[in-house]
Amino acid sequence: MYLLAGGFFFLLGGLEALLIRIQLMYPDLDIFVGGTFNQLLTMHGTTMIFFAAMPIIFALLNAIVPLQIGARDVAFPFINALGLWLFFLGGVILNASWFLGAGAPEAGWTAYAPLSTPAFSHMGVDFYVLGLQVAGIGTWLGGINFLVTIINMRAPGLTFMRLPMFTWTAFVTSALVLFAFPAITVNLILLMFDRLFGGAFFNADMGGNVVIWQHLFWIFGHPEVYILILPAFGIVSDVISTFSKKRLFGHSAMVFATVLIGFLGFMVWAHHMFTVGMGPIANSLFALATMLIAVPTGIKIFNWLFTMWGGQVRINTASLWSIGFIPTFLIGGMTGVMLGVAPADFQYQDTYFVIAHFHYTIVGGMVFGLFSGMYYWWPKMFGKMLNEKLGKWNFWTFFIGFNLTFFPQHFLGLMGMPRRVFTFLPNAGLEMGNFVSTIGAFGMTLSILIFLLNIVITNRSEQTVPADPWDGRTLEWTIPSPAPEYNFAQTPLVRGLDALWVEKMEGNGQISYAEPLGRIHMPSPSVLPFLMAIGLTFAAFGFIYHTWFVAATGLIFTFVLMSIRSVKDDPGYYIEVEDIDEGVKV
Amino acid sequence: MSQWKKAWRLLPLLAVMMLVLTGCGQDPFLSALTPRGPVAEQQFYLIKLSIYIMMGVFAVVMVIYVYVLVRFRHRPGQTGIPEQIEGSHKLEIIWTTIPLILLTILAIPTVKITFDLAEKFPTDDALQVKVIAHQFWWEYEYPDLGISAAQDLYIPTGEKVQFQLTSEDVIHSFWAPALGGKTDTNPGMVNAMWLQADDPGVYKGKCAELCGDSHTLMDFKIVAMDRPEFDAWVEKMKEPHVSSSDVAEGEQIFADSCISCHAIDATQGLDIPDFAPNLRNFGDRVVLANYFNMDDETIAEWIKNPEKMKPGNLMPGFADELDDQQLASLVDYLNTLSVK
Numbered sequence: 000m001y002l003l004a005g006g007f008f009f010l011l012g013g014l015e016a017l018l019i020r021i022q023l024m025y026p027d028l029d030i031f032v033g034g035t036f037n038q039l040l041t042m043h044g045t046t047m048i049f050f051a052a053m054p055i056i057f058a059l060l061n062a063i064v065p066l067q068i069g070a071r072d073v074a075f076p077f078i079n080a081l082g083l084w085l086f087f088l089g090g091v092i093l094n095a096s097w098f099l100g101a102g103a104p105e106a107g108w109t110a111y112a113p114l115s116t117p118a119f120s121h122m123g124v125d126f127y128v129l130g131l132q133v134a135g136i137g138t139w140l141g142g143i144n145f146l147v148t149i150i151n152m153r154a155p156g157l158t159f160m161r162l163p164m165f166t167w168t169a170f171v172t173s174a175l176v177l178f179a180f181p182a183i184t185v186n187l188i189l190l191m192f193d194r195l196f197g198g199a200f201f202n203a204d205m206g207g208n209v210v211i212w213q214h215l216f217w218i219f220g221h222p223e224v225y226i227l228i229l230p231a232f233g234i235v236s237d238v239i240s241t242f243s244k245k246r247l248f249g250h251s252a253m254v255f256a257t258v259l260i261g262f263l264g265f266m267v268w269a270h271h272m273f274t275v276g277m278g279p280i281a282n283s284l285f286a287l288a289t290m291l292i293a294v295p296t297g298i299k300i301f302n303w304l305f306t307m308w309g310g311q312v313r314i315n316t317a318s319l320w321s322i323g324f325i326p327t328f329l330i331g332g333m334t335g336v337m338l339g340v341a342p343a344d345f346q347y348q349d350t351y352f353v354i355a356h357f358h359y360t361i362v363g364g365m366v367f368g369l370f371s372g373m374y375y376w377w378p379k380m381f382g383k384m385l386n387e388k389l390g391k392w393n394f395w396t397f398f399i400g401f402n403l404t405f406f407p408q409h410f411l412g413l414m415g416m417p418r419r420v421f422t423f424l425p426n427a428g429l430e431m432g433n434f435v436s437t438i439g440a441f442g443m444t445l446s447i448l449i450f451l452l453n454i455v456i457t458n459r460s461e462q463t464v465p466a467d468p469w470d471g472r473t474l475e476w477t478i479p480s481p482a483p484e485y486n487f488a489q490t491p492l493v494r495g496l497d498a499l500w501v502e503k504m505e506g507n508g509q510i511s512y513a514e515p516l517g518r519i520h521m522p523s524p525s526v527l528p529f530l531m532a533i534g535l536t537f538a539a540f541g542f543i544y545h546t547w548f549v550a551a552t553g554l555i556f557t558f559v560l561m562s563i564r565s566v567k568d569d570p571g572y573y574i575e576v577e578d579i580d581e582g583v584k585v
Numbered sequence: 000m001s002q003w004k005k006a007w008r009l010l011p012l013l014a015v016m017m018l019v020l021t022g023c024g025q026d027p028f029l030s031a032l033t034p035r036g037p038v039a040e041q042q043f044y045l046i047k048l049s050i051y052i053m054m055g056v057f058a059v060v061m062v063i064y065v066y067v068l069v070r071f072r073h074r075p076g077q078t079g080i081p082e083q084i085e086g087s088h089k090l091e092i093i094w095t096t097i098p099l100i101l102l103t104i105l106a107i108p109t110v111k112i113t114f115d116l117a118e119k120f121p122t123d124d125a126l127q128v129k130v131i132a133h134q135f136w137w138e139y140e141y142p143d144l145g146i147s148a149a150q151d152l153y154i155p156t157g158e159k160v161q162f163q164l165t166s167e168d169v170i171h172s173f174w175a176p177a178l179g180g181k182t183d184t185n186p187g188m189v190n191a192m193w194l195q196a197d198d199p200g201v202y203k204g205k206c207a208e209l210c211g212d213s214h215t216l217m218d219f220k221i222v223a224m225d226r227p228e229f230d231a232w233v234e235k236m237k238e239p240h241v242s243s244s245d246v247a248e249g250e251q252i253f254a255d256s257c258i259s260c261h262a263i264d265a266t267q268g269l270d271i272p273d274f275a276p277n278l279r280n281f282g283d284r285v286v287l288a289n290y291f292n293m294d295d296e297t298i299a300e301w302i303k304n305p306e307k308m309k310p311g312n313l314m315p316g317f318a319d320e321l322d323d324q325q326l327a328s329l330v331d332y333l334n335t336l337s338v339k
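Going down the list, the protein sequences come from chains A and B.
Using numbering that gives the first Met the number 0, the first residue of the first sequence is number 0, and each one after it goes up by one.
Using numbering that gives the first Met the number 0, the first residue of the second sequence is number 0, and each one after it goes up by one.
What follows is the structure, given as structure tokens:
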């Protein structure tokens with residue numbers, strides 16, 4: 000579900016990106032200008048971050064984390080469903096702005112005040128404020144759920160230092176969600192008061208302060224970057240290890256690097272604000288903190304290289320995405336250090352250099368990682384292998400298109416092209432870079448179409464996949480593909496890092512179990528989470544249209560449902576022993 | 000394929016070298032890679048330093064990367080299981096320490112230049128300019144000289160100019176890449192920065208913070224001239240405009256329709272932000288309304304329908320109030336508002 004909805008929003012955000020690039024193909028075009036262009040760029044950023052990247056990550060977390068820790072499900076299936084619906088309906092609220100009101104929000108995905116206050120923007124921003132709040136609750140609940148799952152539901156013997164890297168990164172990402180999302184929620188509530196109830200938090204004429212928004216936004220926004228990239232680190236670690244036929248080099252160093260990145264991620268938010276006028280002391284401190292992050296990130300890069308060193312590196316689509324990830328992410332990381340050099344950032348800030356940088360980290364990093372994970376775990380999730388030939392086409396068109404799109408943008412920025420402009424003047428050396436960039440965007444579009452085709456073809460093909468198609472190392476490869484609804488017939492017993500590999504090396508061929516086969520308790524399906532999310536969506540529209548009656552009804556509806564959930568016992572149901580497939584032999 | 004890949008990795012590297020070192024195809028009055036003053040030069044120095052360090056790191060990583068991919072690829076028929084190495088403390092320490100050293104090399108000039116650029120020098124030494132950003136135009140006040148101007152910023156060459164920046168509405172950002180990095184203009188706050196132009200010329204500036212529908216069109220120009228020329232310019236700006244009788248009709252239209260918003264006296268209303276750009280030296284503008292060609296036809300077009308050319312700006316259109324002949328007279332009059 001997460002994957003489907005996230006994929007849908009990804010296509011939407013991608014289409015917006017393509018329109019932006021088409022407008023910037025030649026100087027002085029006027030296809031999408033002024034407010035329309037600002038709506039496109041705002042919706043592209045907001046959709047991609049909150050409604051494409053986050054849910055696709057959550058989809059993989061949902062599908063894989065329980066399998067990697069030998070759990071039957073996440074800790075709170077009910078909250079999981081609630082989180083899904085809140086995220087999805089939040090996205091619906093945001094995108095409804097295209098058709099309702101005065102058009103989509105146009106203050107940028109960062110929605111800097113006071114441009115986002117009612118004096119300078121139309122009601123599109125209300126959809127942004129309410130949509131993100133609804134979706135934010137969902138994401139936050141999801142984060143708590145994964146934290147509890149990983150802390151409490153690990154199989155016997157699976158200590159923290161034996162967790163596969165993907166689960167580790169899922170853990171740190173969830174912790175970042177837990178602490179970062181409240182900051183944006185507070186910010187959105189302040190803005191909501193300014194917009195709906197005549198507040199003046201961001202109105203300088205009435206004693207407000209416009210910079211507060213930026214601080215709160217980036218206290219959320221910078222950790223958000225690591226929320227996005229850490230799971231990709233995890234995927235790349237697992238994929239490289241599996242396809243090198245070696246254990247991850249420096250597993251414990253990788254764990255500490257991950258935790259350190261998560262920790263430092265909260266210390267550097269103001270490097271987005273060097274030009275705001277914080278003064279040299281704050282700028283220097285945040286510059287140094289930012290540079291420090293390069294150290295644990297560098298540790299990761301070298302550990303990946305040395306995992307492959309001495310291994311038998313198999314090249315297929317899944318590993319290609321991870322191998323392609325290393326240089327592209329490296330470039331993104333290096334330009335990140337460059338951006339941390341505060342005085343030089345005075346030149347980079349708000350230019351295409353920044354656009355190039357964060358697309359190298361988010362697309363070249365996260366999206367490459369997600370594709371890798373998709374090809375790697377597709378058989379486990381859906382019981383079919385994605386087509387390798389199309390997969391290679393998918394990778395190479397994307398890799399080339401991506402570099403064509405974003406590499407020239409570094410220079411466009413340095414040569415004086417600010418971000419978020421809908422056109423540029425001829426004869427300033429900007430034509431070539433913009434043209435190449437747009438061609439690259441078409442290449443990426445082609446690549447995504449190939450991927451969609453691959454899904455359709457794979458879905459239609461009649462194939463069965465063994466439990467362990469890749470010669471895997473971790474627990475998810477001990478159960479049938481696709482994973483049954485109860486995941487593990489018997490809770491496995493873990494005897495080391497890379498639990499399955501340990502057993503393979505000892506010639507056991509299968510994992511040992513921590514319990515005898517017994518009937519499995521399952522939660523009942525429930526319509527309550529969906530209805531709760533509907534209630535909040537109603538409330539959101541009530542707020543957007545200033546009809547307090549609707550808003551109150553929606554909120555009360557949700558509270559009533561919450562009470563019902565609290566008092567009603569859910570006995571669940573059991574899957575009897577006869578209906579359970581025996582564990583598979585590997 | 001590995002050969003292929005090798006070539007691919009080298010391409011961006013070569014491109015970096017080529018573009019940075021030759022600075023090809025760029026506009027020398029716009030690009031941050033062609034610094035024309037000490038601020039931009041120091042920033043360019045840091046840009047170069049960090050790029051060189053990063054290219055070194057990139058090269059080292061890529062050598063290992065290509066070697067690993069070529070040497071340790073799975074070969075057909077290869078069996079056996081590679082040694083399962085846990086890790087290496089020695090290596091971990093090496094690739095923690097070396098980056099730390101490289102970062103220190105980068106960090107020291109970073110901090111030094113951060114403080115240098117934030118330096119506040121004695122106010123009586125330097126020319127003071129207040130920059131007030133509006134949706135979507137720029138206002139400049141020279142408090143010590145007693146004049147104000149709009150859109151084109153005139154400064155003397157070879158000396159530090161100290162700026163105080165603020166905004167009347169939303170956040171904008173004042174950026175002339177060839178002279179130096181940007182500083183945000185925040186409503187309700189005042190930021191400080193300084194710039195210096197070494198040579199005379201017309202430097203291109205841009206608003207760098209999304210500020211509304213016409214953010215893209217909120218350019219400005221910095222006109223740098225030698226000190227004597229600049230002083231002469233200041234003196235002329237102080238004088239009231241004397242119009243000739245040739246443009247009497249245009250002057251009358253201006254008095255009826257325009258003067259309620261646009262001042263033509265550069266000494267008027269200092270310390271109060273203007274409602275609309277001061278037109279004292281309109282005839283000298285490099286471009287019209289920060290962005291468009293400065294010719295009679297475009298000026299008339301602008302007066303008729305400014306909303307169409309620059310969405311979201313506050314000026315009303317005069318298409319219904321002025322006929323073509325009146326417009327022509329008004330444009331003739333506007334062109335005489337010059338100090339050259």
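Ideal placement from N, C-alpha and C gives every residue a C-beta, glycine not left out.
Counting along the chain, where does the alpha helix (DSSP H) carrying residue i start and finish?
i                      : result
residue 416 of chain A : Looking at the DSSP string, residue 416 of chain A is not in any alpha helix (DSSP H), and its letter there is neither H nor E.
residue 332 of chain B : 323–334
residue 161 of chain B : From DSSP, residue 161 of chain B is part of no alpha helix (DSSP H) but of the beta strand (DSSP E) over 160–166.
residue 619 of chain A : Nothing about residue 619 of chain A can be read from this structure; chain A reaches only from 0 to 585.
residue 88 of chain B  : 88–116
residue 213 of chain A : 210–243
For residue i, which residues of its own chain have a beta-carbon under 7 angstroms away from its beta-carbon, when the five flanking residues on both sides are left out?
i                      : result
residue 443 of chain A : 397, 400, 401, 404
residue 43 of chain A  : 12, 15, 16, 19
residue 163 of chain A : 67, 237, 473
residue 331 of chain B : 246, 249
residue 37 of chain B  : 195
Keeping to the same chain, check which residues put their C-beta closer than 8 angstroms to that of residue i; ignore five residues upstream and five downstream.
i                      : result
residue 554 of chain A : 534, 535, 538
residue 336 of chain B : 240, 263, 278, 279, 280, 281, 282
residue 584 of chain A : Interpretation of residue 584 of chain A is limited by its pLDDT of 44, a score under 50 that renders its predicted location unreliable; the figure taken from the coordinates is listed afterwards. Around residue 584 of chain A: 508, 509.
Given residue i, which residues of its chain have a CB within under 6 angstroms of its CB, disregarding the five upstream and five downstream residues?
i                      : result
residue 1 of chain B   : With a pLDDT of 48 at residue 1 of chain B, under the threshold of 50, the predicted position of this residue should be treated as unreliable, though the coordinate-derived value follows. Contacts found: 68, 69.
residue 171 of chain B : 132, 184, 206, 208, 210
residue 582 of chain A : Unreliable positioning characterises residue 582 of chain A in this predicted model, as indicated by a pLDDT of 49, which lies under 50. A coordinate reading is not provided.
residue 586 of chain A : Residue 586 of chain A is absent from the structure shown; chain A starts at 0 and stops at 585.
residue 468 of chain A : 378
residue 20 of chain B  : For residue 20 of chain B, the predicted model reports a pLDDT of 49, less than 50, meaning its position is unreliable and no value from the coordinates is stated.
Assuming residue i and residue j are in contact, meaning their beta carbons sit under 8 angstroms apart, how far apart are those beta carbons, in whole angstroms?
i                      : j                      : result
residue 192 of chain A : residue 144 of chain A : So it is not a contact: roughly 30 angstroms between Cβ atoms.
residue 490 of chain A : residue 461 of chain A : Not quite, the Cβ-Cβ distance comes to about 33 angstroms (not below 8 angstroms), so this is no contact.
residue 189 of chain B : residue 152 of chain B : Contact flag wrong, Cβ pair sits at about 17 angstroms.
residue 49 of chain A  : residue 92 of chain A  : Not quite, the Cβ-Cβ distance comes to about 11 angstroms (not below 8 angstroms), so this is no contact.
residue 497 of chain A : residue 194 of chain A : No, residue 497 of chain A and residue 194 of chain A are not in contact; Cβ-Cβ is about 52 angstroms, not under 8 angstroms.
Does the separation of the CB atoms of residue i and residue j fall below 8 angstroms?
i                      : j                      : result
residue 194 of chain B : residue 204 of chain B : no
residue 58 of chain A  : residue 1 of chain A   : yes
residue 302 of chain A : residue 367 of chain A : no
residue 189 of chain A : residue 132 of chain A : no
residue 106 of chain B : residue 156 of chain B : no
residue 270 of chain A : residue 215 of chain A : no
Could you spell out where the beta strand (DSSP E) holding residue i opens and where it closes?
i                      : result
residue 146 of chain B : 146–149
Segment contact, 8 angstroms Cβ cut-off, at least three pairs: the stretch 139–147 of chain B with the stretch 225–236 of chain B: yes
Given 8 angstroms, three or more beta-carbon pairs between the stretch 74–90 of chain A and the stretch 520–527 of chain A: yes
Three CB pairs or more closer than 8 angstroms across the stretch 422–442 of chain A and the stretch 22–36 of chain A: yes
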